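2 protein chains.
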Amino acid sequence: MTARQAKASEEALLRIFTIPEAPGSTLSVIEQNISQNLMGFLQESVVAVEKPLTEIERDFQEHQIPAAPKFVSDYADEMMKTLVAHSVHTSAPSFIGHMTSALPYFVLPLSKMMVGLNQNLVKIETSKAFTPLERQVLGMMHHLIYDESEAFYKSWMHSANVSLGAFCSGGTVANITALWTARNQLLKADGDFKGIAAQGLMKGLRHYGYNDLAIMVSERGHYSLSKTADLLGIGRENIIQIPTTNDNRVDVDKMRITAKALERDNIKVMAIVGVAGTTETGNIDPLDKLATLAEELNCHFHVDAAWGGASLLSKKYRHLLKGIERADSVTIDAHKQMYVPMGAGMVIFKDPTFANAIKHHAEYILRKGSKDLGSQTLEGSRPGMAMLVHACLQIIGRDGYEILINNSLEKARYFAELIKTTDNFELVSEPELCLLTYRYVPQAVQEAMQQARADGDIERLLQFNRLLDGLTKFVQKRQREQGTSFVSRTRINPENNHDLGVDLKSVVFRVVLANPLTTDEILQQVLVEQTQIASQDKKFLPQLLELAKT
Amino acid sequence: MTARQAKASEEALLRIFTIPEAPGSTLSVIEQNISQNLMGFLQESVVAVEKPLTEIERDFQEHQIPAAPKFVSDYADEMMKTLVAHSVHTSAPSFIGHMTSALPYFVLPLSKMMVGLNQNLVKIETSKAFTPLERQVLGMMHHLIYDESEAFYKSWMHSANVSLGAFCSGGTVANITALWTARNQLLKADGDFKGIAAQGLMKGLRHYGYNDLAIMVSERGHYSLSKTADLLGIGRENIIQIPTTNDNRVDVDKMRITAKALERDNIKVMAIVGVAGTTETGNIDPLDKLATLAEELNCHFHVDAAWGGASLLSKKYRHLLKGIERADSVTIDAHKQMYVPMGAGMVIFKDPTFANAIKHHAEYILRKGSKDLGSQTLEGSRPGMAMLVHACLQIIGRDGYEILINNSLEKARYFAELIKTTDNFELVSEPELCLLTYRYVPQAVQEAMQQARADGDIERLLQFNRLLDGLTKFVQKRQREQGTSFVSRTRINPENNHDLGVDLKSVVFRVVLANPLTTDEILQQVLVEQTQIASQDKKFLPQLLELAKT
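Protein sequences appear in the order of chains A and B.
Its first residue numbered 507, the first sequence is counted upward by one per residue in my numbering.
Its first residue numbered 507, the second sequence is counted upward by one per residue in my numbering.
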């Protein structure tokens, strides 16, 4: 390359940093479509019929970074075909299988503003007003949970070296942060011992004379908790899973008995985790009772309200989470039922000084006495997602959330009724928040199973379940592939089996009704579609009907 | 509220989900300004003169979530005044204090697309084509580091249950993920022992018969490593900081001696971390020698190339990172010198099966045998940031990055020369990549200090340093407040003191030249401005000049 050519390439390159996309460019047109009609854009751009993953992968096979630069318009064209077309229409009102929803329009331009400002929240020097804003959002969420006095927030919300919580990329990091802090508070500096943060877990256990640590949680606890136990060096086996009662809530009496047994083995219960909205069935543990038990055991009480936490915004239904105000820490994901885009988790600490147990400093950053938020977070550099939560809280407001949450919960109750009154469907778990599970069970099979249950004929029930599992998987997979609607699936032990004393885990459909645009008609249509698909099954359905006859 | 009123509020509320922002609305106008002239928007909207933080906080005092919804336009107006105006213009070409830069324009509309699609990368069911895309980006980065064969990538890039790395929100999580995996690989299942992931650190140490674990790293290692040691239960004291040689690179001989001492105490070196681009001085450890030592010790070799890693994209300068291809894992932040917005960290694993040590499954998600990326990440739900890295790799290409990286490194060399030849400035550390440190030292003081150094008069050097520290802080703070340009500051022991055998830590200016729009003229102007500010100091400067005379 000659010097002149080099100069020319360089100038061409700098233009991507200085010359905006022309209004008529491919990417600008795409952007305009998104701005003017996101739902339409997604409906048109995302293909309805599923392409096998191995075929999608063909477009992403190249393993070398391409040498030559590519025109933005060519790239945009290509991505429309290979990426957008084969994305998931997570905001479709009929996509009711996961905790995604339609987003308010205003988050689109605001996200762009956030990206354009490109602040780094680790430190005030690279975030300035974003730091007080994030502290305010944490303060508002703290108030939503704990309802402390005005004086409390005046003292603590913007106070250097403390924080009312931490923003995280998601609920997993929030749970890790909470339990990391709890572990460090438990094994804190004491006498000669400089604390677990400095000297590690083994010396901590030795100093305090514990054989081991344990965390107790419902068997319905999120898998991020066992990830946490692994990460923190406690070990997944020390996440003690406590059975639930018939309503999918943790059995606090059994938990108390387990705690006693652990105590006898000199294993210190480091924390109790209450689940406020289990991922599989949406139930809420008896938080008040758990808080009392945590007091008895003198241990940390964490509530994983990653998605249930949003229901605190409903005056009508917040009673369902009663006891959460006694938690030492709470996880809430704003990207679930608070209608913020992916990437906005939070952990809130009751005591503003609690997070000091994980405080870090560094010379060039996070100086002592500063108001930098990065000294009490697991993550380092991170974006200003707090702005989008702030925007939703202000623009939707308590009154707006009241309507959104209540509608969502009431839609779940409507769907539960619909399932119960529709032939060949069986509601497996009632909605406590906006999540429920159910399955397709031909009427004749329902009756035969009821009889088997009355007879205590476990073997027969197992036979039915095996076939029903196959049928449920078939329906769920086919429905997803058809692309009109989507429900997810999981495996749980239906309530009506609990008395049998055996675990009859079954595959079930799982539905989350968080999308404000999901209508009753869509829910009716989901059952119609599932009924049609089930009737096409040539493998499990005939066997089921046959078995019911014998 | 009557039923009719309630219905009306509900309909109004649903409009934020269904009716796009009107083209003439406040928020649309703001967005247009951002799209058409980001630099102009930031220059006009972000105020130049700094407002004290306590005043900014006044706009973020309210601790209650407002009851009434707010118009989007009112909110947008308010945020322009309270948030945007007091943000940091991180992309200004004269903002050379941190690792932020101007962004390519195309990331703005693409970010919007990413937010609109709102995919969740934890699982294919909520990400589909985004998962193969992310795997491809990880594959390309793997190839950039390890240059494996085509067959290798064909076998592994899209293979279920393995991954060539993990996307993370940033370098901190990437470092944690790498060392978590290393810890779990070391204390893996063996005989009766089910592995640390299941049974915890204490049982792991007991089973393998180690007294403790240690991680060795240069004293210039990033603070995220001590955070990692805390989190993993190893303890910050077990991050063994090894002194550097005169060039700010870790002293491998000293590291070897330390390793022997640890071995004698039966403390297992779990990992050696090489730094490829220290945060404070930008130097690169002798990676080849570290790799050899790691082989001798039979331990994990991790390279923290969070910002230095981008230099691998330069054929001309990638030799500076020689030895990185022998690392077991590497951290690279795309939001640093790869020109991607905040929130795009990566850890890359040499061995595709390595991350199996942190694998997690759950019934409703992450089923065994799936290609879900979430089973080998620390985070759970997370956004499709990989798309923006993918876009930069394709649109900028190797050739484009070659120019950007080379210019950046050469600009640093130019600035170093400029500092050396400008009166009253002292270069403290030479740029190896695009980072350097320096300070303002009046010529007379430079000479007096040289004499004191020759005399070995430590006391006198300390006196000078104390005053220089004050002066440097004054200049840096005032410069930031004036808002025209920005350099950061840190504390290091300048090279020319190393032979004295004492640690004469000094406050220095720190400059990162990653922004392609930073010109030579801007750099010249930075020194002019600093000279002016220094001359205004009435406290330290007179004392310094006085001391130099005695």
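Just so it is clear, CB atoms sit at the ideal spot from N, CA and C, and this is done for glycine as well.
Note that the coordinates shown come from a computational prediction; the quantities given were computed from them, not determined experimentally.
Buried versus exposed, by CB contacts within 10 Å (16 or more), residue i
i	result
A/F577	exposed
A/P529	exposed
A/Y870	Because the pLDDT at A/Y870 is just 48, under 50, the model does not fix this residue reliably, and the point stays unresolved.
B/E932	buried
B/R995	buried
A/P948	buried
A/Q956	exposed
B/N971	buried
Own chain residues within Cβ distance below 6 Å of residue i, not counting five before or after
i	result
A/V756	S724, I748, T750, D791
B/A918	P937, C940, L942, L1019
B/T859	V668
B/L589	none
Assigned secondary structure, residue i (DSSP; H/G/I helix, E/B strand, else coil)
i	result
B/Q1042	helix
B/S724	strand
B/S551	helix
A/H595	coil
B/S661	helix
B/R755	coil
A/I571	coil
B/R995	strand
A/T637	helix
A/C674	strand
A/H604	coil
B/E654	coil
A/A782	strand
A/V679	helix
A/Y611	coil
A/M647	helix
A/V1063	The question about residue 1063 of chain A has no answer here: the residues shown for chain A are numbered 507 through 1056.
Proximity test, residue i beta-carbon vs the ligand NAD heavy atom, cut-off 8 Å
i	result
B/R564	Within the structure as shown, the ligand NAD is missing, as the structure has no ligands at all.
is_contact[residue i, chain A] using C-beta, thresh 9 Å
i	result
B/P749	no
B/I571	yes
B/I901	yes
B/M776	no
B/K1044	no
B/D975	no
B/Y870	In this prediction, B/Y870 scores a pLDDT of 48, lower than 50, which makes its location untrustworthy; the coordinate-derived value is nonetheless stated afterwards. By this cut-off, B/Y870 is an interface position.
B/N789	no
B/L939	no
B/D929	no
B/K709	yes
Interface flag, residue i vs chain B, CB-CB below 9 Å
i	result
A/Q549	no
A/K700	yes
A/Y659	yes
A/Q705	yes
Neighbourhood of residue i by C-beta, 7 Å cutoff - its chain only, sequence neighbours within 5 removed
i	result
B/A684	H808, S835, T837, V853
A/E556	R986, E987, G989
B/I651	L818, I830, E831, V836, I854
B/N1003	L1010
Residue-level contact to chain D via CB, residue i, 9 Å cutoff
i	result
A/A1040	No chain D appears in the structure shown, which is made up of the protein chains A and B.
Worksheet item: Any chance the stretch 879-888 of chain A sits against the stretch 694-710 of chain A, with 3 or more Cβ pairs inside 8 Å?
Response: no
Discussion item. I'd like to know if the stretch 614-634 of chain A and the stretch 907-927 of chain B are in contact, where contact means that at least 3 CB-CB pairs between them fall below 8 Å.
Written reply: The stretch 907-927 of chain B and the stretch 614-634 of chain A do not touch, with fewer than three beta-carbon pairs separated by less than 8 Å.
Worksheet item: Any chance the stretch 558-568 of chain A sits against the stretch 597-616 of chain A, with 3 or more Cβ pairs inside 8 Å?
Response: no
Discussion item. Counting beta carbon pairs with one atom in the stretch 733-740 of chain A and one in the stretch 763-775 of chain B, are three or more of them shorter than 8 Å?
Written reply: No, they do not touch.
Discussion item. Below 8 Å, how does it come out for the stretch 714-729 of chain A and the stretch 756-771 of chain A: are there three or more Cβ pairs, yes or no?
Written reply: yes
Discussion item. Contact between the stretch 725-733 of chain B and the stretch 669-680 of chain B is defined here as three or more beta-carbon pairs at a separation below 8 Å; is this criterion met?
Written reply: As far as the Cβ criterion goes, the stretch 725-733 of chain B touches the stretch 669-680 of chain B, which means the pair count is three or higher.
Worksheet item: Three or more C-beta pairs closer than 8 Å, one from the stretch 886-896 of chain A and one from the stretch 790-804 of chain A: is that the case here?
Response: no
Item to complete: Evaluate the contact criterion for the stretch 547-554 of chain B versus the stretch 509-522 of chain B: three or more CB pairs, one atom per stretch, below 8 Å.
Response: No, the stretch 547-554 of chain B does not touch the stretch 509-522 of chain B.
Practice prompt. Count the CB pairs spanning the stretch 1006-1023 of chain A and the stretch 821-836 of chain A that are closer than 8 Å, and state whether there are at least three.
Written response: no
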